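Visitor: From first to last, the protein sequence lines are chains R and V.
Position in the first sequence (from 1) plus 266 gives the number in this note's numbering.
Position in the second sequence (from 1) plus 266 gives the number in this note's numbering.
Just passing along the structure, written as structure tokens.
There are 2 protein chains.
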Amino acid sequence: MRNIKLTIEYDGTNYSGWQKQANTNNTIQEEIENAIEKVVDEKVTIIGAGRTDKGVHGRGQVANFNTNSRIPEEKFKYAINRYLPEDIAIVESIEVEEFFHSRYDALGKKYKYLIYNAPVKSPIFRNYSYYIPYKLNIQSMDKAKDYFIGKHDFAAFMASGSSIKDTIRNIYYISLTNCNNIIEFEIYGDGFLYNMVRIIVGTLIDIGRGKIESDSIPNILKSKDRKNAGHTAAAEGLYLEKVCY
Amino acid sequence: MRNIKLTIEYDGTNYSGWQKQANTNNTIQEEIENAIEKVVDEKVTIIGAGRTDKGVHGRGQVANFNTNSRIPEEKFKYAINRYLPEDIAIVESIEVEEFFHSRYDALGKKYKYLIYNAPVKSPIFRNYSYYIPYKLNIQSMDKAKDYFIGKHDFAAFMASGSSIKDTIRNIYYISLTNCNNIIEFEIYGDGFLYNMVRIIVGTLIDIGRGKIESDSIPNILKSKDRKNAGHTAAAEGLYLEKVCY
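Have a look at this one:
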């Protein structure tokens, strides 16, 4: 069977997240599987690189699926898009080797996170950023963010209740820009625990508000205790930008 | 009576445009008037600086209204926002002198226009940009745009059927940037004819596709004939950024 790799963009606003669930049929995975099945006329299961949560957006999500269809690789995207709603699109489709696995083979992931920081919430960015009305100390956030770079045990920055055992991850870089009321983070690492990006950003916001000291990140990491980190930043500010192989 | 000036942001996606109309109650003007009336408990008419079309967005629309209410000027925005849907927000409210008129007193307006140029339409930017799948020659668009700068008779760049007599306008500047599949224009001038920004952008797109010569703008202007200019770019790419007084 052929193995097809898809690069996918989606507006996560109206979905219950990426992954198929028992109690809803409103997931991005299902929308794409249903569209592919109409194209290839076979039952299909796609494997996504990252299971984005309800409201989280995808700019460069990756998924792969097996098929007997003989459609040329680059034609899949147009054929599948014909059956997708306008808030999901396949932006690239290529054939990959038999054993390629979107999730297990990922060497790194890049996320973007947008905060809208102004006295009034933005109508245009309302579903595409996390609204923070409070004045933030950007300098202390910018200083604190660098503590995350490198190989650390991120247990304190994982949603409580996760069952993952190996909580060591390597953050290659994290950037912060602040322009026209929008604070933008880019975070690139070898992998991320459940809610890790959102807890990192939430902690940096709490530092910007003065609720957490800007030099306390090393101690929070060391504690491995979720309770010491900051709040979980909202889903609508998060974008899965790219998956690297 | 007091005269209150509002600066307004809105996502125009779900509205029939700014201006109140006989055959629809789905306008931005009405939403804001209804919200203000709930706050001040008087009948109110607001005067908007620009009558944006269906689907066009506002980042810095300005409107004013008269009221006997004694609410402190800066409190109006919070009070009115409480009654507005989440796709419209008052971002500033100040008291101005008696005869200030949002439209007649405007000395300049700044618009932004976004084109999304890629092989597949973007789900995230679908309502916030004009999707162009064709390859565009950005260099010739960039060269051609400068012909619009200065004082010209823009009759050829006005929607046919407009009854305006004085079609001379002054464009102070126009910029083009091209980054991550998004082509962004900023256009600042003393005033704009009906659909003028969208016809200017549509003409530049037609130049980018090679359908119109990049040095033909002076002749199109001279002709004063709408038929010689390019197509009207879509509403969803247009943003009223700022009104200057």
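All C-beta atoms, glycine included, are put in the ideal place defined by N, C-alpha and C.
Small disclaimer: the values here were computed from a predicted structure and weren't measured.
According to the neighbour-count rule (16 or more other Cβ atoms, all chains shown, within 10 Å of its Cβ), is Leu373 (chain R) buried or exposed?
Guide: Start at 1 with the first residue of the first sequence, and residue 373 (chain R) comes out as number 107. Exposed.
Visitor: Which residue's Cα is closest to the Cα of Ile437 (chain V): V:Phe423, V:Gly476, V:Gly427?
Guide: Along the second sequence, read from residue 1 onward, the residue named residue 437 (chain V) stands at position 171. Considering only alpha carbons, the answer is V:Phe423.
Visitor: What residue range is occupied by the uninterrupted beta strand (DSSP E) comprising Val467 (chain R)?
Guide: What you label residue 467 (chain R) is simply residue 201 of the first sequence in a count that begins at 1. Careful: Val467 (chain R) lies outside any beta strand (DSSP E), inside the alpha helix (DSSP H) at 462 to 474.
Visitor: For Asp353 (chain R), count neighbouring C-beta atoms within 10 Å of its own C-beta (all shown protein chains included) and say buried if the count is 16 or more, exposed if not.
Guide: Locating residue 353 (chain R) in the first sequence gives position 87, where the first residue counts as 1. Burial call: buried.
Visitor: Give the residues from the segment 363 to 377 of chain R that approach chain V closer than 9 Å (Cβ to any Cβ), ordered along the chain.
Guide: Listed by position along the chain: nothing, the set is empty.
Visitor: Is Lys488 (chain R) buried or exposed, if buried means 16 or more other CB atoms sit within 10 Å of its CB?
Guide: Reading the first sequence from its first residue, position 222 is the one you call residue 488 (chain R). By the 10 Å Cβ count, Lys488 (chain R) comes out exposed.
Visitor: My output table needs one value for Gly321 (chain R): the three-state DSSP class, helix, strand or coil.
Guide: Position 55 of the first sequence, counting from 1, holds the residue named residue 321 (chain R). Gly321 (chain R): coil per DSSP, three-state reduction.
Visitor: Look up Ala327 (chain V) in the DSSP assignment and say whether it is helix, strand or coil.
Guide: Taking the first residue of the second sequence as position 1, residue 327 (chain V) is located at position 61. Note on identity: in this sequence residue 327 (chain V) is Gln, with Ala being the wrong assignment. Correct three-state label for Gln327 (chain V): strand.
Visitor: Return the residue from the list V:Glu275, V:Met267, V:Ile270 that minimises the CA-CA distance to Lys508 (chain V).
Guide: Position 242 of the second sequence, counting from 1, holds the residue named residue 508 (chain V). When only C-alpha atoms are compared, the closest one is V:Glu275.
Visitor: Along the segment 325 to 349 of chain R, what residues have a CB closer than 9 Å to any CB found in chain V?
Guide: Taking 9 Å as the Cβ-Cβ cut-off against chain V, the residues of the segment 325 to 349 of chain R that qualify are Arg325, Lys343, Tyr344, Asn347.
Visitor: Output needed in chain order: residues of the segment 383 to 414 of chain R with a Cβ under 8 Å from some Cβ in chain V.
Guide: Within the segment 383 to 414 of chain R, the residues whose Cβ lies closer than 8 Å to some Cβ of chain V are Ala384, Pro385, Val386, Lys387, Ser388, Pro389, Ile390, Arg392, Tyr394, listed in chain order.
Visitor: Return helix, strand or coil for Gly496 (chain R), following the three-state DSSP convention.
Guide: Position 230 of the first sequence, counted from the first residue, corresponds to residue 496 (chain R). Coil at Gly496 (chain R), not helix or strand.
Visitor: Count the other CB atoms within 10 Å of the CB of Arg464 (chain V); is the residue buried (16 or more) or exposed (fewer)?
Guide: Within the second sequence, numbered from 1, the residue matching residue 464 (chain V) stands at position 198. Its Cβ being crowded by 16 or more others within 10 Å, Arg464 (chain V) is buried.
Visitor: By the criterion of Cβ-Cβ separation under 8 Å, what are the contact partners of Ile354 (chain V) in chain R?
Guide: As a first step, residue 354 (chain V) must be located in the second sequence, where it is residue number 88. By Cβ distance, chain R contributes Pro389.
Visitor: Please list, in chain order, all residues of the same chain as Ile404 (chain R) whose beta carbon is under 8 Å from its beta carbon, the five residues on each side excluded.
Guide: Position 138 of the first sequence, counted from the start, is the residue given in the question as residue 404 (chain R). Closer than 8 Å at Cβ, skipping near neighbours: Leu442, Asn444, Ile449, Gly474.
Visitor: Would DSSP call Leu459 (chain R) helix, strand or coil?
Guide: Residue 459 (chain R) sits at position 193 when you count from the first residue of the first sequence. Here Leu459 (chain R) sits in coil by DSSP.
Visitor: Nearest by alpha-carbon distance to Lys271 (chain R): which of R:Ser359, R:Ala495, R:Arg348, R:Ile483 is it?
Guide: Taking the first residue of the first sequence as position 1, residue 271 (chain R) is located at position 5. Cα-wise, what sits closest to Lys271 (chain R) is R:Ser359.
Visitor: Taking 9 Å as the threshold (beta carbon to beta carbon), is Tyr276 (chain V) in contact with chain R?
Guide: Here residue 276 (chain V) is taken as the residue at index 10 of the second sequence, counted from 1. Taking Cβ atoms only, chain R reaches closer than 9 Å to Tyr276 (chain V), which makes this a yes.
Visitor: Listed from N- to C-terminal order along the chain, which residues in the segment 481 to 499 of chain R have their beta-carbon within a distance smaller than 9 Å of any beta-carbon of chain V?
Guide: Those residues of the segment 481 to 499 of chain R that come within reach of chain V (Cβ to Cβ, closer than 9 Å) do not exist; the list is empty.
Visitor: Can you name, in chain order, every residue of its own chain whose Cβ lies under 6 Å from the Cβ of Thr498 (chain R), other than the five neighbours on each side?
Guide: If you number the first sequence from 1, residue 498 (chain R) lands on position 232. For Thr498 (chain R), where only same-chain residues beyond five positions count, the Cβ hits under 6 Å are Asn461, Arg464, Ile465, Gly468.
Visitor: Counting contacts by CB-CB distance shorter than 9 Å, is Val509 (chain R) in contact with chain V?
Guide: Against the first sequence, residue 509 (chain R) aligns to sequence position 243. Not one chain V Cβ lies under 9 Å of Val509 (chain R).
Visitor: Have a look at Tyr454 (chain R) and Gly326 (chain R) and give me their C-alpha separation to the nearest angstrom.
Guide: Indexing the first sequence from 1 puts residue 454 (chain R) at position 188. Indexing the first sequence from 1 puts residue 326 (chain R) at position 60. The alpha-carbon atoms of Tyr454 (chain R) and Gly326 (chain R) are separated by roughly 13 Å.
Visitor: Check whether the Cβ atoms of Gly324 (chain V) and Leu506 (chain V) lie closer than 9 Å to each other.
Guide: As a position in the second sequence, residue 324 (chain V) is number 58, starting the count at 1. As a position in the second sequence, residue 506 (chain V) is number 240, starting the count at 1. Their beta carbons are under 9 Å apart, which means Gly324 (chain V) touches Leu506 (chain V) by this criterion.
Visitor: Would you kindly work out how many angstroms separate the C-alpha atoms of Glu308 (chain R) and Ser335 (chain R), rounded to a whole number?
Guide: Here residue 308 (chain R) is taken as the residue at index 42 of the first sequence, counted from 1. Here residue 335 (chain R) is taken as the residue at index 69 of the first sequence, counted from 1. C-alpha separation (whole angstroms): 9 Å.
Visitor: Taking all protein chains shown into account, decide if Phe365 (chain V) is buried (16 or more other Cβ within 10 angstroms of its Cβ) or exposed.
Guide: The residue you call residue 365 (chain V) lines up with position 99 of the second sequence. Exposed, since its Cβ has fewer than 16 Cβ neighbours within 10 Å.
Visitor: Just the Cα atoms here: how many angstroms apart are Ala384 (chain V) and Lys341 (chain R)?
Guide: Taking the first residue of the second sequence as 1, we reach residue 384 (chain V) at position 118. Taking the first residue of the first sequence as 1, we reach residue 341 (chain R) at position 75. If I take the Cα positions, the gap works out to 16 Å.
Visitor: If you check the beta carbons only, do Tyr349 (chain V) and Val310 (chain V) fall under 9 Å apart?
Guide: Translated into positions along the second sequence, residue 349 (chain V) becomes position 83. Translated into positions along the second sequence, residue 310 (chain V) becomes position 44. Taking 9 Å as the Cβ cut-off, Tyr349 (chain V) and Val310 (chain V) do not qualify as a contacting pair.
Visitor: Starting from the Cα of Ala500 (chain V), find the closest Cα among V:Lys409, V:Thr318, V:Asn332, V:Lys401 and give me that residue.
Guide: Stepping through the second sequence from its first residue, residue 500 (chain V) is reached at position 234. Comparing Cα positions, the closest option is V:Thr318.
Visitor: Taking the alpha-carbon positions, what's the Lys417 (chain V) to Glu299 (chain R) distance?
Guide: Taking the second sequence and counting its residues from 1, the one referred to as residue 417 (chain V) is at position 151. Taking the first sequence and counting its residues from 1, the one referred to as residue 299 (chain R) is at position 33. So the alpha carbons of these two residues sit roughly 55 Å apart.
Visitor: Quick one, which residues of the segment 297 to 317 of chain R are near chain C if we go by CB-CB under 8 Å, in chain order?
Guide: Among the chains of the structure shown, chain C does not appear; the protein chains present are R and V.
Visitor: Could you check what DSSP says for Thr311 (chain R) in three-state terms: helix, strand or coil?
Guide: Position 45 of the first sequence, counted from the first residue, corresponds to residue 311 (chain R). In this structure, Thr311 (chain R) counts as coil in the three-state DSSP scheme.
Visitor: Please report how far the alpha carbon of Phe331 (chain V) lies from the alpha carbon of Gly457 (chain V), in whole angstroms.
Guide: Sequence index remark: in the second sequence, residue 331 (chain V) carries index 65 (1-based). Sequence index remark: in the second sequence, residue 457 (chain V) carries index 191 (1-based). About 22 Å.
Visitor: Can you tell me whether Thr433 (chain V) is helix, strand or coil according to DSSP?
Guide: Within the second sequence, numbered from 1, the residue matching residue 433 (chain V) stands at position 167. Thr433 (chain V): coil per DSSP, three-state reduction.
Visitor: Scan the segment 418 to 437 of chain V for residues whose Cβ lies nearer than 7 Å to a Cβ of chain R and list them as they occur along the chain.
Guide: Answer set for the segment 418 to 437 of chain V: empty.
Visitor: Going by CA-CA distance only, name the one from R:Ile302, R:Gly496, R:Ile294 that's closest to Ala425 (chain R).
Guide: Numbered from its first residue, the first sequence carries residue 425 (chain R) at position 159. Nearest C-alpha to Ala425 (chain R): R:Gly496.
Visitor: Does the Cβ-Cβ distance between Tyr379 (chain V) and Tyr400 (chain V) come in under 9 Å?
Guide: Walking along the second sequence from the start, residue 379 (chain V) turns up at place 113. Walking along the second sequence from the start, residue 400 (chain V) turns up at place 134. Going by C-beta atoms, Tyr379 (chain V) is not nearer than 9 Å to Tyr400 (chain V).
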